[in-house]
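Below is one structure, written out as structure tokens; the observations come after it.
Residue numbers (the numbering used here): 19 to 405.
Right, dumping it as structure tokens:
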């Protein structure tokens, strides 16, 4: 580069330097290189909430039918009654379940009213003590024997069951207001309502104006169905105990079948029947399940068919997903028990069939197969065994 060019370059550089110094002195910001714009990060998607799932299990059995022979066998030297040895084999089964139901066929009016047997029963309250001690916590009291000891029997029974913490009883009442209520209970996050109705009370009638004492559905079918509808509006699950059917008949009557479908349509999820004193089939009706008759749990009746009772179990699943609640009744199963007593009506014991031997019931294995067929006659999907 010659001197002339070199001089020109120096002049340009000096001018730039002077301009920069002047700009800084005047507060004019220097130009800076443009910032590099980073692409915006994609937003992290919000995960969908997991469905909430709740489960509870229900066990159910038949009639506590306390003939005199049963409570005589339970009498203790001090005059009290202890039925615990009669039902002790049920405890390991009942204890596996959250809820456990049975039908108190005879009123527990207690000894102060005077005990009585067929055809007008009044029974020791100690039986209720023993049943709740092994885990039973749902009790139906609307039966054809509800008025056997009149209003006083219902009042004493009511007072007794109300004293049992954690036990839900339904079917008999001490006021119209109480009868109209639909209590809602909860187990494992699942709400449930429990209702109990009978076809009648053996021709006995309550005092005038006190029809509320017993839930009777004959002639009041719409009241029954309305109660179930209202219960379904309040609770996740409705359990209906129905005292119906034809005594000693192992089939399902037309009335039972029709009413069961009306109950299911009204919102009854689980229907448990009693009264015939023998077992009847079970079946699913849409999303509901109906056990038409559980037979006797404990009694002193004669005849093989009256000494074989049914027990059952199922699982209730409640799923809450995106604000929608669904209920599923699954793992529906049944099994059989036998009431043994020695000649002369003593040594009563309820024995599950898987613990029976021929000493207690000759040919019990073949009998089991015959009665299994009754359970599944209407619905082969009902599992037998493993309750």
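Ideal Cβ placement from N, Cα and C applies to all residues, glycine included.
Span of the alpha helix (DSSP H) holding residue i?
| i | result |
| --- | --- |
| residue 179 | 168 to 180 |
| residue 131 | Unbroken run through residue 131: none, as it is neither H nor E. |
| residue 273 | 272 to 284 |
| residue 111 | 109 to 112 |
| residue 301 | Segment 300 to 303 is the beta strand (DSSP E) holding residue 301; no alpha helix (DSSP H) there. |
| residue 195 | 194 to 198 |
Got a sec, what are the start and stop residues for the beta strand (DSSP E) residue i sits in?
| i | result |
| --- | --- |
| residue 329 | 326 to 339 |
| residue 390 | Per DSSP, residue 390 belongs to no beta strand (DSSP E); it is in the alpha helix (DSSP H), 382 to 393. |
| residue 187 | 186 to 188 |
| residue 315 | 314 to 316 |
| residue 204 | 203 to 205 |
| residue 369 | 364 to 370 |
So what does DSSP say about residue i, is it helix, strand or coil?
| i | result |
| --- | --- |
| residue 102 | helix |
| residue 377 | coil |
| residue 309 | strand |
| residue 77 | strand |
| residue 212 | strand |
| residue 354 | strand |
| residue 96 | coil |
| residue 396 | coil |
| residue 260 | strand |
| residue 117 | strand |
| residue 401 | strand |
| residue 217 | coil |
| residue 291 | strand |
| residue 91 | helix |
| residue 82 | strand |
| residue 235 | coil |
| residue 228 | coil |
| residue 255 | strand |
| residue 240 | helix |
| residue 349 | strand |
| residue 296 | coil |
| residue 71 | strand |
| residue 265 | coil |
| residue 66 | coil |
| residue 342 | strand |
Between residue i and the rest of its own chain, which residues show a CB-CB distance below 6 Å, the 5 nearest in sequence each way excluded?
| i | result |
| --- | --- |
| residue 358 | 367, 369, 378 |
| residue 124 | 84, 139, 141, 163 |
| residue 87 | 318, 363 |
| residue 284 | 243, 246, 247 |
| residue 176 | 192 |
| residue 172 | 190, 231 |
| residue 361 | none |
Looking only at its own chain, which residues have a Cβ that is under 7 Å from the Cβ of residue i, when we skip the five neighbours before and after it?
| i | result |
| --- | --- |
| residue 185 | 150, 155, 157, 179 |
| residue 338 | 69, 70 |
| residue 89 | 99, 133, 141, 142 |
| residue 344 | 337 |
| residue 286 | 246, 256, 258, 306 |
| residue 214 | 158, 159, 160, 188, 189, 233, 259 |
| residue 303 | 278, 279, 282 |
| residue 152 | 105, 108, 109, 112 |
| residue 208 | 72, 74, 254, 255, 334, 336 |
For residue i, is the classification buried or exposed, using 16 other Cβ atoms within 10 angstroms of its Cβ as the cut-off for buried?
| i | result |
| --- | --- |
| residue 306 | buried |
| residue 322 | exposed |
| residue 388 | exposed |
| residue 41 | Bear in mind that a pLDDT of 39 at residue 41, under 50, signals an unreliable position, so the number given afterwards is only what the model happens to contain. By the 10 Å Cβ count, residue 41 comes out exposed. |
| residue 272 | exposed |
| residue 355 | buried |
| residue 169 | exposed |
| residue 276 | exposed |
| residue 301 | buried |
| residue 62 | exposed |
| residue 218 | buried |
| residue 353 | buried |
| residue 403 | exposed |
| residue 384 | exposed |
| residue 299 | buried |
With a threshold of 8 Å on Cβ separation, who are the neighbours of residue i within its own chain once the five nearest residues in sequence on each side are excluded?
| i | result |
| --- | --- |
| residue 332 | 75, 76, 288, 307, 347, 348, 349, 350, 351 |
| residue 312 | 78, 79, 80, 81, 121, 290, 291, 292, 297, 327, 328, 329, 330 |
| residue 144 | 92, 98, 99, 100, 101 |
| residue 375 | 382 |
| residue 31 | Residue placement at residue 31 is flagged as unreliable, the pLDDT there being 38, under the threshold of 50; a coordinate-derived value is accordingly withheld. |
| residue 397 | 299, 300, 301, 302 |
| residue 324 | 266, 295, 296, 313, 314, 317 |
| residue 365 | 91, 358, 359 |
So does residue i have its beta carbon nearer than 7 Å to some heavy atom of the ligand MN?
| i | result |
| --- | --- |
| residue 219 | Among the components modelled here there is no ligand, and therefore nothing to report on the ligand MN. |
Original post:
Hey, which unbroken runs of the beta strand (DSSP E) at 3 residues or more fall wholly within the region 137 to 163?
Top reply: Taking only runs of at least 3 residues, the beta strand (DSSP E) segments lying wholly in the region 137 to 163 are 156 to 158.
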